[in-house]
Amino acid sequence: MTHWHIRPATFWLTGLLWLLLSSALGLALFLGTMLGRPLPSVFRVLHVHSALVGGVAQIILGALLSFIPPLLMTGRDRPESHPVLFLAINGGTVGMLAGFAAGHSLWVGAAGILVVLAFLSLVSDALRQVRSSLISPPLNLWFYGVAVLALLVGLGMGEAMALRLLPQDILGQGRLAHIHLNVLGFVTLTIVGTMHNLFPTVLNAPLYSPRLARATFALLPLGILLLIAGFLFSLLPLTIAAGAVILAGVLLYSYNILRTWLKAGRPQQIAVAHFMMATLFLVIATSAGLFVAVNASWTPPLMPFGTLHLVAYTHLALVGFILQTIVGALSHLLPINLALHRVKSNKKRGPYLAELAALAERWRPLQVGALSLGAIGLAFVATLVWQFSLNETPVQIAAWTSAALLGLGLAIVGLKVIRLFLHQPAAHMHE
144 MTHWHIRPAT
154 FWLTGLLWLL
164 LSSALGLALF
174 LGTMLGRPLP
184 SVFRVLHVHS
194 ALVGGVAQII
204 LGALLSFIPP
214 LLMTGRDRPE
224 SHPVLFLAIN
234 GGTVGMLAGF
244 AAGHSLWVGA
254 AGILVVLAFL
264 SLVSDALRQV
274 RSSLISPPLN
284 LWFYGVAVLA
294 LLVGLGMGEA
304 MALRLLPQDI
314 LGQGRLAHIH
324 LNVLGFVTLT
334 IVGTMHNLFP
344 TVLNAPLYSP
354 RLARATFALL
364 PLGILLLIAG
374 FLFSLLPLTI
384 AAGAVILAGV
394 LLYSYNILRT
404 WLKAGRPQQI
414 AVAHFMMATL
424 FLVIATSAGL
434 FVAVNASWTP
444 PLMPFGTLHL
454 VAYTHLALVG
464 FILQTIVGAL
474 SHLLPINLAL
484 HRVKSNKKRG
494 PYLAELAALA
504 ERWRPLQVGA
514 LSLGAIGLAF
524 VATLVWQFSL
534 NETPVQIAAW
544 TSAALLGLGL
554 AIVGLKVIRL
564 FLHQPAAHMH
574 E
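Heads up: the sequence shown begins at 144 in our numbering, then just goes up one per residue.
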């Protein structure tokens, strides 16, 4: 296995492939529902876990492998290849999907252990680096630590459900805790922690306010802890209060990002455009989540809330926030990574990097607009269902338009990544 050279970028690209495959399945699920021919429910489980485990978790694993050594200044003599972690995260994903498809919960549990071990290995290595580092761990690393802790607890909750260790009467609460620990506790905290460093780097400008960053770090984990307690103890008022705390943290973070962008002169690179849209969607999705909790406090609920509304709400976060952030990060990092590994000369690397960056910038308005409008379109479809049935013309037009926009945006991203890989440096750059 030592001849396999698995760099962090391989995790990013494999995760992106999982995301694209999952997105295709998600579009099929959505259109099947709109046509009155819903696919079996197992496909929904496959869609969610292929996206979050094979896609998002794998990309974050690769990102942490890349970012932690520079943050601690321990990059020298660090291994560049991680084949065991790569096999663990992808083997765990395939095993989980096979277990869900076959209806064998033990397979799911066993495969989930591989994912847990992959991140435990990362935590163990990070702690060794902290002990050997000559600098104090930066704020970003504390974000990552809390995020990975949330992931491990969330995965543990998933293992308990898969192995049927969770009492049947709290299965619903356990599922809510499992989902929110992974998506909000792990993914969102990791992204927020990374963006406090990556966004200023992309802008080549300082973060507007480190004090706001520290306040964000104080509020978000506290809100998530209260939210999970509210779910597990079925305390809706606590859940609503937790949502308000989380929204406050999100608003502070968003204000910090916005002021950083304004102070940098409002640059318009594709990575920046995706990051700004992702920040907006984070505010929208968090506000929507708080509305869902408040709506549930009425008996009966103030507004009907069905499966399609749940799909729209969750995809404001999954597509609008998480996917946009990932695409923005890849738009910035992938050209740099390819240039570093393909051209060894610092002097000759610049022109090649400029060529790759120009490729990444192509179709920027179409790519950002399609993904953004497609995500908003899902929410618009859900609002139309309050007045029209699924088979009526306004709902069908909105649904197919949203699906087409999302498909177009994903196709552009996939084709652009292929073009970046196929674009080799000129012969004289190798000399």
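Glycine residues also receive a C-beta, built at the ideal position from the N, C-alpha and C atoms.
Taking 9 angstroms as the threshold (beta carbon to beta carbon), is residue i in contact with chain B?
i: Ala569; result: In the displayed structure, chain B is absent; only one protein chain is listed.
Does the beta-carbon distance from residue i to residue j come in below 9 angstroms?
i: Leu162; j: Ile555; result: no
i: Ala358; j: Leu282; result: no
i: Phe173; j: Val454; result: yes
i: Ala293; j: Gly328; result: yes
i: Leu473; j: Leu159; result: yes
i: Val259; j: Leu295; result: yes
i: Ala541; j: Gly520; result: yes
i: Gln311; j: Ser377; result: no
i: Gly179; j: Leu451; result: no
i: Ile313; j: Leu228; result: no
i: Leu553; j: Val538; result: no
i: Ala459; j: Phe424; result: The sequence given here has Leu at residue 459, not Ala. Their beta carbons are under 9 angstroms apart, which means Leu459 touches Phe424 by this criterion.
i: Leu381; j: Ala372; result: yes
i: Gly336; j: Leu284; result: yes
i: Val388; j: Met177; result: no
i: Gly471; j: Ala414; result: yes
i: Leu170; j: Ala518; result: no
i: Leu433; j: Ile383; result: yes
i: Phe243; j: His321; result: no
i: Phe342; j: Phe286; result: no
i: Val199; j: Val330; result: yes
Please name the residue, chosen from the options, that lies closest to residue i on a Cα-to-Cα basis.
i: Gly297; options: Leu563, Ile561, Val196; result: Val196
i: Phe262; options: Leu516, His190, Thr429, Leu204; result: Leu204
i: Leu549; options: Ala472, Leu466, Leu473, Gln311; result: Leu466
i: Trp147; options: Leu230, Ala518, Gly198, Leu170; result: Leu230
i: Tyr396; options: Leu378, Thr422, Leu379; result: Thr422
i: Trp506; options: Gln411, Asn534, Trp543, Leu170; result: Gln411
i: Leu270; options: Leu240, Leu207, Asn233, Leu324; result: Leu207
i: Val289; options: Val266, Arg274, Thr153; result: Val266
i: Gly238; options: Val227, Pro226, Pro222, Ile256; result: Ile256
i: Pro364; options: Pro380, Leu332, Phe434, Phe448; result: Leu332
i: Thr236; options: Gly517, Ala194, Ala416, Gly336; result: Ala194
i: Ser488; options: Gly408, Leu425, Ala569; result: Ala569
i: Ala167; options: Gly471, Val462, Trp529; result: Val462
i: Pro213; options: Leu483, Ala522, Arg485, Asn340; result: Asn340
i: Leu509; options: Ala416, Gly449, Ala244; result: Ala416
i: Leu379; options: Phe342, Leu319, Gly408, Gly198; result: Leu319
i: Glu223; options: Ala152, Arg409, Gly175; result: Ala152
i: Phe464; options: Ser515, Ala501, Ala385, Gly432; result: Ser515
i: Phe531; options: Pro447, Val291, Val345; result: Pro447
i: His323; options: Val486, Ile149, Thr457; result: Thr457
i: Arg409; options: Val345, Val486, His225; result: Val345
i: Ala431; options: Met420, Gly386, His475; result: Gly386
i: Ser165; options: Leu240, Ile149, Arg150; result: Leu240
i: Leu502; options: Thr536, Asn233, His475, Phe342; result: His475
i: Arg272; options: Phe243, Gly234, Arg221; result: Residue 272 is actually Gln in this sequence, not Arg. Comparing Cα positions, the closest option is Arg221.
i: Ile202; options: Leu182, Phe360, Gly175, Arg150; result: Arg150
i: Gly234; options: Ala254, His225, Pro226; result: Ala254
i: Thr157; options: Ile232, Pro181, His190, Leu182; result: Ile232
i: Phe154; options: Leu182, Pro226, Pro181; result: Pro226
The ligand FAD and residue i: does any heavy atom of the ligand fall closer than 8 angstroms to the residue's C-beta?
i: Tyr495; result: For the structure depicted, the ligand FAD is absent and the ligand set is empty, with no information on it obtainable.
Any 3 or more C-beta pairs closer than 8 angstroms across the region 493–500 and the region 464–484: Counting C-beta pairs closer than 8 angstroms gives three or more between the region 493–500 and the region 464–484, which meets the contact rule.
Stretch-stretch touch, CB-based, cutoff 8 angstroms, three pairs: the region 434–452 with the region 358–368: no
Validate contact between the region 397–412 and the region 343–357 using beta carbons, cut 8 angstroms, 3 pairs: Yes, since at least three Cβ pairs between the region 397–412 and the region 343–357 fall closer than 8 angstroms, the two stretches touch.
Validate contact between the region 557–566 and the region 181–200 using beta carbons, cut 8 angstroms, 3 pairs: Segment contact: the region 557–566 against the region 181–200, fewer than three CB-CB distances shorter than 8 angstroms; contact not assigned.
Complete runs of the alpha helix (DSSP H) confined to the region 279–367 [at least 4 residues]: 282–305, 314–323, 332–346
Every unbroken alpha helix (DSSP H) inside the region 149–210 [4 residues or more]: Scanning the region 149–210 for uninterrupted alpha helix (DSSP H) segments of 4 residues or longer gives 151–177, 184–192, listed from N- to C-terminal end.
Inter-stretch contact (C-beta, 8 angstroms, three-pair minimum) for the region 305–316 and the region 235–250: yes
Segments of 4+ residues assigned as alpha helix (DSSP H) that fall wholly inside the region 487–547: 489–504, 507–527
Alpha helix (DSSP H) runs contained entirely in the region 441–469, provided each spans 4 or more residues: Taken in chain order, the complete alpha helix (DSSP H) segments of 4 residues or longer contained in the region 441–469 are 450–458.
Length at least 4, wholly inside the region 360–417: the alpha helix (DSSP H) runs in chain order: 379–406
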